[in-house]
Amino acid sequence: MSTLETPAPPPQPPVASTVRPLAKKRARPSEQLFKWLVVGLTAITMAMLIWLLTSVLIRGAGSVSWAFLTDKPSSNPAKAGFNSALRGSIVLMMVTIFFAWPIGVSAALYLEKFAAQSATLTERRLRERLATGRVTGPGAAWTRIRLWWLRIRPRVVHLVDVNISNLAAVPSIIYGLLGLAIFVGVMGISKSLLAGGLTLAVLILPIIIIAAREALRAVPMSIEQGAMALGATRWQAVRSQVFPAALPGILTGTILAMSRAIGETAPLIVVGGVVYSTAVPSLNPLEAGNEALLAMPLQIYFWTDQPQASFQAIAAAGIIVLLATLLVMNLVAIILRNRYSKRW
Amino acid sequence: MTPPDRPRARRSARGRFGEKAVLLALAAAATISVLVTVGIVVVLVEEGALFFTDVPITEFFTGTQWFPLEGKFGVLPLLNASIVIALIAAVVAVPLGLGSAIYLSEYAPERLRRVVKPVLEILAGMPTIVLGFFALDAVTPALQMVFPGLGLYNALAAGIVVGLLITPLISSLSEDAMRAVPNSMREGAFGLGATRRVVSLRVVVPAALSGIVASIVLAISRAIGETMAVTLAAGTIPNLSWNPLEGMQTITAYIVQVSKGEATRGSLQYDSIFAVGLLLFVVTLVINIIAVRIVRKYRTVYQ
Amino acid sequence: MTTNVDPEKTAKDSPIEIHLAAGAADRGASQQASGAQPGATSSEPSLGPPIFRLQDMGVWYGKHHAVKGVTMDVPRNAITALIGPSGCGKSTALRCLNRMNDLIPGARVEGRVLFGDEDLLSSDVDPVDLRGRIGMVFQKPNPFPKSIKDNLEFGMKVNGIKPTAERVEQALVDAALWDEVKDRLKAEAFSLSGGQQQRLCIARAIAVEPEVILMDEPCSALDPIATLAIEDLMKNLAEQYTLVVVTHNMQQAARISDQVAFMTVEGTAEGDRTGVLAEVGTARQIFSAPKDPRTEAYITGRVG
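Those sequence lines, one after another, are chains A, B and C. Each residue of the first sequence is one higher than the one before, counting from 0 in numbering that gives the first Met the number 0. Each residue of the second sequence is one higher than the one before, counting from 0 in numbering that gives the first Met the number 0. Each residue of the third sequence is one higher than the one before, counting from 0 in numbering that gives the first Met the number 0.
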């Protein structure tokens with residue numbers, strides 16, 4: 000073994016003089032094996048996706064045509080078209096978004112921007128009012144109720160939070176049962192696009208609330224505080240500054256929620272059954288209450304469930320149209336996010 | 000310009016009233032989300048109660064036969080089918096999901112990760128009807144080459160496609176948990192002479208374990224509630240069996256089967272879908288609560 | 000004990016530990032320049048023989064030349080402190096010595112780092128094995144989220160050392176932590192205070208019986224009392240190990256180190272900011288008679 004020694008200062012025996020030679024790079028079979036294992040598992044997942052897409056494409060591409068998009072359903076697979084299903088899905092989405100968006104975004108605004116804010120000032124003001132004895136009778140009782148509400152509000156908001164995240168994890172078929180019992184059963188709405196749209200609105204409500212809250216949270220507090228420092232009330236600050244800044248994020252989340260809704264099948268079956276109809280739904284959403292519940296996934300299910308192989312081809316064609324729609328929606332969401340997302 | 004000595008303005012009563020109204024409207028919207036939960040519970044319990052006036056709850060939970068037309072309402076075959084398919088799905092999804100998560104978090108170069116991750120998430124957004132079609136049209140025929148004599152409807156194909164559906168759920172949430180493990184911890188292990196495999200398996204995975212376990216639990220809950228893929232692929236014959244090569248009907252598939260036909264309101268069949276729906280709701284809710292507990296209890300907070 | 004003095008090496012390498020890196024663009028020139036200052040030798044207390052010889056070492060992060068032209072020796076069984084203003088690449092330079100930079104995508108190390116007489120940067124050297132021999136302690140205490148005992152045993156198992164109770168105890172004793180934790184070895188490492196966590200990390204590094212311990216600002220996240228404890232520990236460790244310590248704290252460098260290397264930042268024509276070694280010498284020389292004006296400016300507090 001060689002030692003490195005400097006000639007001056009005079010050589011002194013080092014405490015531990017030898018440095019062992021460095022180990023040469025060596026193959027570690029377990030290392031390589033593990034790396035290939037995780038690469039392989041990722042590759043298998045990707046391969047399954049590719050298998051899925053190609054098998055659908057091979058089966059259905061031949062049946063996708065302009066006529067397929069514009070024709071009515073038919074019991075003859077060669078003539079059956081996807082037009083009714085397409086129109087049904089469009090109306091369904093209009094109904095869904097009409098109900099889910101305002102409610103979801105309002106709930107998000109309240110939870111994120113008002114309920115979660117500190118209320119110490121209001122609380123002190125109410126306490127002083129009680130202490131001075133200026134309010135009596137029902138006025139005092141009302142003040143006490145408001146104080147009590149302010150005190151329990153954080154806990155209530157927390158419960159609502161837990162509730163919303165739990166709702167997002169409820170199986171979609173349960174929403175179908177809810178829609179069947181409430182919209183069809185109690186409210187007496189016919190098994191129509193309206194009933195289906197309302198059910199899907201309830202289904203995506205928690206998704207929209209969660210997405211909108213995240214978008215609102217991404218807007219820095221300084222924007223709001225800046226507006227309030229200029230004398231704006233919180234609502235003015237939120238409406239004029241925070242909400243516009245969060246809007247692209249909210250819209251992105253909304254589109255993603257809609258892409259969940261447009262592929263949902265089970266709740267629609269529970270609400271409306273699977274009806275064979277040759278009707279062509281009107282695109283006017285105000286007519287939705289009178290139109291039979293038709294939608295792309297329902298039509299695909301109907302066709303897939305038929306024993307004849309020729310229906311499998313048009314089912315695959317329907318899937319191609321559905322996936323293309325989803326692709327477009329996701330692209331819009333991505334563009335929206337990339338274009339308008341701000342770095343704070 | 001206002002003179003500096005102007006008296007302090009009181010905000011106009013009208014403006015304040017308008018704001019209160021807006022605030023009230025927003026609060027009402029937030030209340031709706033609570034009403035949805037209340038609605039679900041009330042509907043399921045109320046309609047389910049109607050069912051249990053006709054069918055004793057003991058028979059429901061202990062009966063081994065589910066033939067509604069013959070008045071046999073033992074839920075075990077349905078529950079068993081849901082569990083069997085969820086387990087097959089987990090057997091497929093846990094290795095695929097965890098392997099992908101470890102690869103993406105610990106091995107993949109950043110540029111590759113940015114491509115692979117969204118591709119995996121396509122699977123998560125795939126409508127389940129598409130997976131059902133895929134199971135019937137491609138997976139079962141492929142399985143029939145391995146298991147000759149395999150029927151068109153079988154739990155295995157259903158479990159595999161449901162597994163595919165929940166794989167991105169596991170990989171995405173687990174990867175998030177693994178990436179939340181601070182880099183300093185990896186460096187500490189590398190600095191001691193650990194290899195990448197040891198760092199991944201002995202440091203990162205244990206540190207992210209609560210998130211990983213929660214992701215698996217959530218994925219299983221999702222698999223139990225999955226409907227269309229299992230309806231199409233596993234069939235509609237109630238069958239109390241652990242054999243994945245047989246067809247079986249899950250809770251969700253039964254609800255679809257009844258809904259497809261016109262079960263009249265008030266009939267025992269109509270009520271039965273709310274009873275099994277209640278069971279499904281409780282099972283998934285319990286699993287979700289377990290997942291949240293796991294995260295909360297074992298989460299390590301890194302500074 | 001055999002002492003092979005390689006005549007060629009002797010002729011080439013400078014006899015003293017002070018290299019002025021000002022002219023370090025050309026390694027040979029630098030060696031000669033420093034060799035041309037024999038006067039410095041007389042005031043040198045004896046620093047041991049070198050364990051590392053850095054020769055024109057530099058680091059690239061993609062197109063960013065983070066550190067360049069570091070040429071110095073690191074004496075064995077002594078404490079070498081790397082000081083300099085923040086962003087001067089001290090930590091980056093330190094991370095070359097156990098190939099931690101390999102783990103950063105896009106990082107590239109140039110030059111040579113002789114460990115013994117082999118270049119540890121060479122591509123056929125096993126970095127995993129190397130890191131078992133050259134331990135590292137980081138800026139923020141980074142125990143694993145496991146028990147104290149598991150933290151110590153992890154490194155031993157990784158390096159094929161049997162994790163006996165005696166070894167665990169010895170490492171904790173050496174890291175001056177034993178008395179505080181001997182009754183709760185199964186406790187979570189996170190339950191320790193910051194200073195204790197850092198000593199646990201030192202114990203963890205010692206437990207694998209390394210030859211060198213690299214420390215990257217080990218006290219910067221600690222309070223003054225914990226800092227003093229770690230400093231005492233470092234001085235004790237220097238009897239057995241070679242320590243290379245990055246610190247931004249000059250008082251600390253003065254208190255603990257035998258040799259000091261001062262690094263600074265140079266702007267390049269392309270607008271890049273590159274860390275360079277300005278001066279290296281014994282602690283006494285650097286703090287009492289710095290040769291480089293930049294060193295002097297820094298230690299007298301005029302810069303940085």
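The beta-carbon is built from N, C-alpha and C at its ideal position, and this holds for glycine as well.
Query - Straight-line gap, residue 41 (chain A) to residue 167 (chain B) (C-alpha atoms, nearest Å) - result: CA-CA distance, residue 41 (chain A) to residue 167 (chain B), rounds to 10 Å.
Query raised in the report: At what residues does the beta strand (DSSP E) containing residue 258 (chain C) begin and finish?
Result: From DSSP, the beta strand (DSSP E) with residue 258 (chain C) extends over 258-266.
Query raised in the report: Rounded to a whole number of angstroms, what is the C-alpha to C-alpha distance between residue 174 (chain C) and residue 202 (chain C)?
Result: In a straight line, the C-alpha of residue 174 (chain C) is about 5 Å away from that of residue 202 (chain C).
Query raised in the report: Is it true that the CB of residue 270 (chain A) sits closer than 8 Å to the CB of residue 112 (chain A)?
Result: Not closer than 8 Å, so no.
Query raised in the report: Along chain B, which residues have their Cβ under 9 Å away from the Cβ of residue 127 (chain A)?
Result: Against residue 127 (chain A), chain B offers no close residue; the least beta-carbon distance is about 17 Å (beta-carbon pairs closer than 9 Å).
Requested in this report: Keeping to the same chain, check which residues put their C-beta closer than 7 Å to that of residue 250 (chain A); ignore five residues upstream and five downstream.
Outcome: The answer, listed in chain order, is 335.
Report task. Using the Cα positions of residue 99 (chain B) and residue 119 (chain B), report the straight-line distance between them to the nearest angstrom. Result -> Each residue's alpha carbon lies about 9 Å from the other.
Query raised in the report: Given a threshold of 16 other Cβ atoms within 10 Å of its Cβ, counted over all protein chains shown, does residue 198 (chain A) qualify as buried or as exposed?
Result: With 16 or more Cβ atoms within 10 Å of its Cβ, residue 198 (chain A) is classed as buried.
Query - Sequence ranges, alpha helix (DSSP H) only - wholly within the stretch 169-216 of chain A, length at least 4 - result: For the stretch 169-216 of chain A, the continuous alpha helix (DSSP H) assignments of 4+ residues that do not extend past its boundaries occur at 171-178 and 192-216, in sequence order.
Query - Cutoff 6 Å; reference residue 268 (chain B); Cβ partners in own chain excluding five residues on either side - result: The beta carbon of residue 268 (chain B) sits closer than 6 Å to the beta carbons of 67, 257 and 262 from its chain, once the five residues preceding and following it are set aside; these are given in chain order.
Requested in this report: Please list the partners that residue 22 (chain A) has in chain C, where partner means a Cβ-to-Cβ separation under 8 Å.
Outcome: Residues of chain C passing the Cβ test: 124, 125, 128 and 129.
Requested in this report: Identify which residue in C:238, C:147 and C:90 has its Cα closest to the Cα of residue 198 (chain C).
Outcome: The residue among C:238, C:147 and C:90 with its C-alpha nearest the C-alpha of residue 198 (chain C) is C:147.
Query - Opposing strand residues paired with residue 71 (chain C) [DSSP bridges] - result: Answer by DSSP bridge pairing, in chain order: C:53.
Query raised in the report: How is the alpha helix (DSSP H) around residue 230 (chain C) delimited, first residue to last?
Result: Here the alpha helix (DSSP H) through residue 230 (chain C) covers 223-236.
Query raised in the report: So who's on the other strand from residue 81 (chain C), going by DSSP bridges?
Result: The partner list for residue 81 (chain C) (beta bridge, DSSP) reads C:245 and C:260.
**Report entry** Proximity test, Cβ basis, 8 Å: residue 158 (chain C) and chain B
**Finding:** Yes, its Cβ sits closer than 8 Å to a Cβ of chain B.
Requested in this report: Measure the Cβ-Cβ separation of residue 239 (chain B) and residue 36 (chain B) and say whether it is below 8 Å.
Outcome: Cβ atoms of residue 239 (chain B) and residue 36 (chain B): not closer than 8 Å.
Query raised in the report: Does residue 1 (chain A) come within less than 8 Å of chain C when only Cβ atoms are used?
Result: Annotation note: pLDDT 44 at residue 1 (chain A) (below 50); position unreliable, coordinate value reported separately. Interface residue, yes.
Query raised in the report: Is the CB of residue 90 (chain A) under 8 Å away from at least one CB in chain B?
Result: Not closer than 8 Å to any Cβ of chain B, the Cβ of residue 90 (chain A) fails to qualify, so no.
Query raised in the report: Which residues, in order along the stretch 193-205 of chain C, keep a beta-carbon less than 8 Å from a beta-carbon of chain B?
Result: Listed by position along the chain: 200, 203 and 204.
Query - Residues within the stretch 161-186 of chain B neighbouring chain C, beta-carbon criterion of under 7 Å - result: Those would be 183, 184 and 186, in chain order.
Report task. Identify which residue in A:263, A:267 and A:306 has its Cα closest to the Cα of residue 124 (chain B). Result -> Nearest of A:263, A:267 and A:306 to residue 124 (chain B), Cα basis: A:263.
Query - Exposure label - residue 29 (chain C); buried when at least 16 CB within 10 Å - result: In this prediction, residue 29 (chain C) scores a pLDDT of 34, lower than 50, which makes its location untrustworthy; no coordinate-derived value is stated.
Query raised in the report: Got a sec? Which residues, its chain only, sit under 6 Å from residue 69 (chain A) by beta carbon, not counting five neighbours each side?
Result: Leaving aside the five residues that flank residue 69 (chain A) on each side, the residues in its chain whose CB is nearer than 6 Å to its CB run, in chain order, 82.
Query - For residue 195 (chain B) and residue 172 (chain B), the rounded distance between their alpha carbons - result: If I take the Cα positions, the gap works out to 21 Å.
Query raised in the report: If we ignore side chains and look at the alpha-carbon of each, how far apart do residue 295 (chain C) and residue 261 (chain C) end up?
Result: Their Cα atoms are separated by approximately 10 Å.
Report task. With 8 Å as the C-beta to C-beta threshold (strictly closer), list the residues of the stretch 192-219 of chain B near chain C in chain order. Result -> Taking 8 Å as the Cβ-Cβ cut-off against chain C, the residues of the stretch 192-219 of chain B that qualify are 192, 193, 194, 197, 201, 202, 205 and 206.
Requested in this report: To the nearest angstrom, report how far apart residue 168 (chain C) and residue 159 (chain C) are at their CA atoms.
Outcome: Their Cα atoms are separated by approximately 18 Å.
**Report entry** DSSP beta-bridge partners of residue 33 (chain A)
**Finding:** Answer is none; residue 33 (chain A) lacks a bridge partner.
Report task. Determine the direct distance from the alpha carbon of residue 201 (chain A) to that of residue 306 (chain B), and round the result to whole angstroms. Result -> Past the boundaries of the shown model lies residue 306 (chain B); chain B is included only from 0 to 302, so the question cannot be answered.
Query raised in the report: Is there at least one Cβ from chain C nearer than 8 Å to residue 246 (chain B)'s Cβ?
Result: Chain C contact via Cβ: absent.
Requested in this report: Would you decide whether residue 29 (chain B) is buried or exposed? Buried here means 16 or more other CB atoms lie within 10 Å of its CB.
Outcome: It counts as buried.
Report task. Spatial neighbours of residue 300 (chain A) within its chain, please: CB distance less than 6 Å, with the 5 preceding and 5 following residues excluded, ordered by chain position. Result -> Excluding positions up to five away in sequence, the list reads 264.
**Report entry** Proximal residues of chain C, C-beta to C-beta of residue 260 (chain B) below 9 Å
**Finding:** Neighbourhood of residue 260 (chain B) in chain C, by CB distance below 9 Å: empty, with the nearest CB roughly 55 Å away.
Query raised in the report: In chain C, what lies closer than 7 Å to residue 189 (chain B) by C-beta?
Result: Per Cβ cutoff of 7 Å: 99, 102 and 130.
Query raised in the report: Do you know how far the Cα of residue 233 (chain A) is from the Cα of residue 120 (chain A)?
Result: Rounded to whole angstroms, residue 120 (chain A) to residue 233 (chain A) spans 14 Å at the Cα level.
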